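Novice: Numbering-wise, the UniProt record's numbering puts 262 at position 262 of the sequence shown, and it's gapless, one number per residue.
One structure, as structure tokens, below. Some questions next.
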Amino acid sequence: MKNHKKWFLRIVLLLVIMTAVHFIDKPLKAEAAEVTARTFLKVKIDPVYDTSTYITGSAAARSTVSIQIAGRVYKVRADNAGRYEWYIGGHLPVNTWIKVSCNSCFYSSSSLYVQKDPRAVPTPYLEPVTESDTTISGTAREADRVEIYIDNAVYWGYPDRVTGKFTVALNRTLPAGTKITAQSRRGNYQSLKTTITVSEAPVKLIAPTLENITDKDVSVKGIAKDAEIVYLKMGTTSYYAYPNATTGAFTIELNKAYPAGTKVEAYSKKGSATSSVTTAVVLEGAKTITAPTVNTVSSEDTMITGTADPNVKLIAKVGTDEYEVYSDNSGKFSLRLDKAYPAGTYVLIYASKDGQKSTEVITTVVQGAFLLGINMVKDQDGLITGKTIANAEIKVRINDRVYQGNADSEGYFQIMIAKTYKAGQNVEITAVDPVSKHVERKFIQIYPAKPTINTVRAGADNISGTASPRAYVIVRVGGKDYGTFASASGYYFVSINPNDAVRGAKVEAFQISQNIESAIAEVEILN
């Protein structure tokens with residue numbers, strides 16, 4: 001029994017010792033494992049290309065990684081597996097030096113240089129685009145196609161296999177300020193994007209054109225379209241002018257005529273745009289022929305007269321008819337016409353000799369004398385009427401009183417007067433042609449009106465009626481004349497032989513007022 005107790009105690013003691021050893025030994029092994037991790041891991045950096053957008057590699061788990069680029073340091077945390085990555089925010093150029101270190105690594109740093117990516121597609125080049133262009137052109141080397149982005153639209157271009165050049169048709173223009181972005185693609189690879197902005201179309205000025213300049217000219221004429229100013233150089237002397245904003249026409253007055261052979265240069269400007277230079281030389285002027293002087297041609301004339309240089313041919317066009325005549329030794333000429341031409345007819349005349357011609361003289365046929373007809377005006381009338389040239393201005397003058405009006409398109413006119421005038425009153429009527437301003441004038445007298453005759457019946461022993469106040473009235477019946485004076489109111493009365501008042505016979509009466517006889521009035525004697 002005593003021996004059994006001794007073995008039991010020995011076994012319990014052995015178990016206690018083994019348990020103690022187990023708990024003491026475990027921390028020592030863990031600490032040894034941690035020392036191994038800190039001693040043998042090394043920072044690594046993956047290759048970096050000029051197309052890379054991240055820097056990646058491996059370091060100690062959960063360690064802080066420092067990335068040094070061009071003197072600046074960026075920090076990033078490694079994950080539980082020790083991997084790290086840092087977004088570049090763009091692309092680094094070839095040969096950029098990068099250093100990476102880790103605060104938990106024994107070998108604390110690694111470095112490399114950025115390499116050119118052999119798989120990279122070159123960035124395309126876009127030629128400048130203006131607001132007047134309808135195509136986009138450029139160069140995309142080592143690419144299968146080019147993608148063009150404009151707002152929300154995408155266009156494709158296919159570069160030439162050799163030159164890389166491409167053109168994309170838009171079939172429209174783009175406003176200035178529009179952004180155009182392009183990217184090249186080859187298989188699954190793509191280039192960096194490039195962007196340009198549509199610019200305003202440059203102003204293209206056309207060089208000014210100049211009319212021929214001779215050694216007799218003291219002015220220069222020409223056209224400079226769209227220009228603000230034109231500069232002209234005659235030999236060593238400079239001039240300038242401002243062209244017409246619509247037509248571009250300009251005239252520059254010279255301070256003298258320049259000799260033949262003088263060099264002429266001209267160019268135009270608008271804002272910052274300048275045209276190319278137009279060059280010319282002063283020419284020797286031809287011997288000039290003086291333009292003829294033409295006397296007034298009226299609608300009554302059948303001859304055109306005037307003066308010109310001696311012994312030159314005069315060519316005339318009157319309406320659609322042509323005429324020719326030579327001037328005499330003194331320069332006078334008389335050109336016979338087939339007929340008189342109406343007012344307003346176009347007349348063109350110039351002189352010619354030895355292949356040279358004068359400037360053209362242009363005139364028109366003016367109105368000659370024209371009809372002014374006046375109807376008889378009587379002392380009871382309130383109108384003066386007549387006929388003359390169409391649309392003439394009519395003026396009637398009676399004493400100091402003036403009345404005016406116009407003829408109609410056929411020449412008829414009616415001029416209202418404010419009151420009646422006595423017989424014998426002088427009246428001046430003037431008609432003015434509205435085109436030529438030629439004037440026709442007539443003077444007339446106011447006549448007494450016909451007297452009235454009251455109804456006369458067979459066997460009547462008197463005849464009565466009205467006439468001008470105090471006019472002398474003569475009544476004729478049965479071959480006999482009876483005279484009497486009208487009263488102040490114009491009433492007259494004459495006694496006749498009743499045997500002369502026969503049915504069907506005529507009674508005539510007229511009056512004399514201011515020594516002017518009126519027209520005859522007549523009536524038939526009734527039953």
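The C-beta atom is built at its ideal place from N, Cα and C for all residues, glycine as well.
Values in this document were obtained by computation on a predicted structure and should not be read as measured data.
Hey, could you find the ends of the beta strand (DSSP E) residue 577 is sitting in?
Specialist: Because the chain in this structure spans residues 1 to 527, residue 577 falls outside the shown range and cannot be described.
Novice: Is T455 near A486, with beta carbons less than 9 Å apart?
Specialist: On the sequence shown, residue 455 is found 455 positions in, with the first residue counted as 1. On the sequence shown, residue 486 is found 486 positions in, with the first residue counted as 1. No, the Cβ-Cβ distance between T455 and A486 is not below 9 Å.
Novice: Could you check how far apart the C-beta atoms of K357 and I289 are, in whole angstroms? I think they sit under 8 Å.
Specialist: If you number the sequence shown from 1, residue 357 lands on position 357. If you number the sequence shown from 1, residue 289 lands on position 289. Right, the Cβ-Cβ distance comes to about 6 Å (below 8 Å), so this counts as a contact.
Novice: Could you give the first and the last residue of the continuous beta strand (DSSP E) run that contains Y158?
Specialist: For the purposes of this step, residue 158 is taken as the residue at position 158 of the sequence shown. Secondary structure note for Y158: it is in no beta strand (DSSP E), with a DSSP letter that is neither H nor E.
Novice: Please list, in chain order, all residues of the same chain as Y49 whose beta carbon is under 6 Å from its beta carbon, the five residues on each side excluded.
Specialist: If you number the sequence shown from 1, residue 49 lands on position 49. The residues Q115, D117, in chain order, have a CB closer than 6 Å to that of Y49 in the same chain once the five nearest residues on each side in sequence are set aside.
Novice: What do you get for Y258, buried or exposed, if any count of 16 or more other CB atoms within 10 angstroms of its CB means buried?
Specialist: One-based indexing of the sequence shown puts residue 258 at position 258. So Y258 ends up on the buried side.
Novice: Is it buried or exposed, E524, if we count other Cβ atoms within 10 angstroms and call 16 or more buried?
Specialist: As a position in the sequence shown, residue 524 is number 524, starting the count at 1. By the 10 Å Cβ count, E524 comes out exposed.
Novice: Where I446 and G344 are concerned, what is the direct C-alpha to C-alpha distance, given to the nearest angstrom?
Specialist: The count along the sequence shown starts at 1 and reaches residue 446 at position 446. The count along the sequence shown starts at 1 and reaches residue 344 at position 344. Going by the C-alpha atoms only, they are around 36 Å apart.
Novice: Here's a check: name, in chain order, each residue in its chain whose Cβ is nearer than 6 Å to the Cβ of T181, leaving out the five neighbours to either side.
Specialist: The residue you call residue 181 lines up with position 181 of the sequence shown. Closer than 6 Å at Cβ, skipping near neighbours: Y149, K193, T195.
Novice: Enumerate, from N- to C-terminal direction, the unbroken beta strand (DSSP E) stretches of 3 or more residues contained entirely within the segment 167-225.
Specialist: 179-186, 194-197, 219-223
Novice: Look up N255 in the DSSP assignment and say whether it is helix, strand or coil.
Specialist: The residue given as residue 255 occupies position 255 in the sequence shown. N255 carries a coil assignment under DSSP once its states are collapsed to helix, strand and coil.
Novice: Quick one: grab the DSSP three-state call for N462.
Specialist: Taking the first residue of the sequence shown as 1, we reach residue 462 at position 462. Of the three classes helix, strand and coil, the one that applies to N462 here is strand, per DSSP.
Novice: Just curious, the beta strand (DSSP E) that V496 is in, first and last residue?
Specialist: The count along the sequence shown starts at 1 and reaches residue 496 at position 496. Here the sequence assigns Ile to residue 496, which means Val is not the residue at that position. No beta strand (DSSP E) contains I496, which DSSP labels as neither H nor E.
Novice: Determine the direct distance from the alpha carbon of Q367 to that of I516, and round the result to whole angstroms.
Specialist: For the purposes of this step, residue 516 is taken as the residue at position 516 of the sequence shown. For the purposes of this step, residue 367 is taken as the residue at position 367 of the sequence shown. So the alpha carbons of these two residues sit roughly 36 Å apart.
Novice: For V281 and G261, which I take to be in contact (beta-carbon distance under 8 Å), what is that distance rounded to the nearest angstrom?
Specialist: For this step, residue 281 is matched to residue 281 along the sequence shown. For this step, residue 261 is matched to residue 261 along the sequence shown. With 8 Å as the limit, V281 and G261 qualify as a contact, their Cβ atoms being about 6 Å apart.
Novice: Let me know the secondary structure DSSP gives G483 once reduced to three states.
Specialist: The residue given as residue 483 occupies position 483 in the sequence shown. Here G483 sits in strand by DSSP.
Novice: If we count Cβ pairs, one from each stretch, closer than 8 Å, do we get three or more for the segment 415-430 versus the segment 368-379?
Specialist: Yes, the segment 415-430 is in contact with the segment 368-379.
Novice: So, are the CB atoms of A471 and P448 less than 9 Å apart?
Specialist: Looking up residue 471 in the sequence shown gives position 471. Looking up residue 448 in the sequence shown gives position 448. For A471 and P448, yes; Cβs fall inside 9 Å.
Novice: Find out if the Cβ-Cβ distance for the pair G82, S111 is shorter than 9 Å.
Specialist: Here residue 82 refers to the residue found at position 82 when the sequence shown is read from its first residue. Here residue 111 refers to the residue found at position 111 when the sequence shown is read from its first residue. Result no, Cβ atoms of G82 and S111 do not sit closer than 9 Å.
Novice: As a quick exercise: from G382, N329, E131, pick the residue whose alpha carbon is nearest that of K313.
Specialist: Position 313 of the sequence shown, counting from 1, holds the residue named residue 313. It is N329.
Novice: Looking only at C-alpha atoms, which of K442, I136, K317, I398 sits nearest to K387?
Specialist: For the purposes of this step, residue 387 is taken as the residue at position 387 of the sequence shown. Closest by alpha carbon: K442.
Novice: Please determine if the segment 207-224 and the segment 243-258 are in contact, where contact requires at least 3 C-beta pairs separated by less than 8 Å.
Specialist: yes
Novice: Put S298 into one of helix, strand or coil per three-state DSSP.
Specialist: Counted from its first residue, the sequence shown places residue 298 at position 298. In this structure, S298 counts as strand in the three-state DSSP scheme.
Novice: What do you get for L526, buried or exposed, if any count of 16 or more other CB atoms within 10 angstroms of its CB means buried?
Specialist: Here residue 526 refers to the residue found at position 526 of the sequence shown. Flag for L526 reads exposed.
Novice: Just verifying my parser: in three-state terms, what is the DSSP assignment at V21?
Specialist: The residue labelled residue 21 in the question sits at position 21 within the sequence shown. Bear in mind that a pLDDT of 41 at V21, under 50, signals an unreliable position, so the model cannot answer this.
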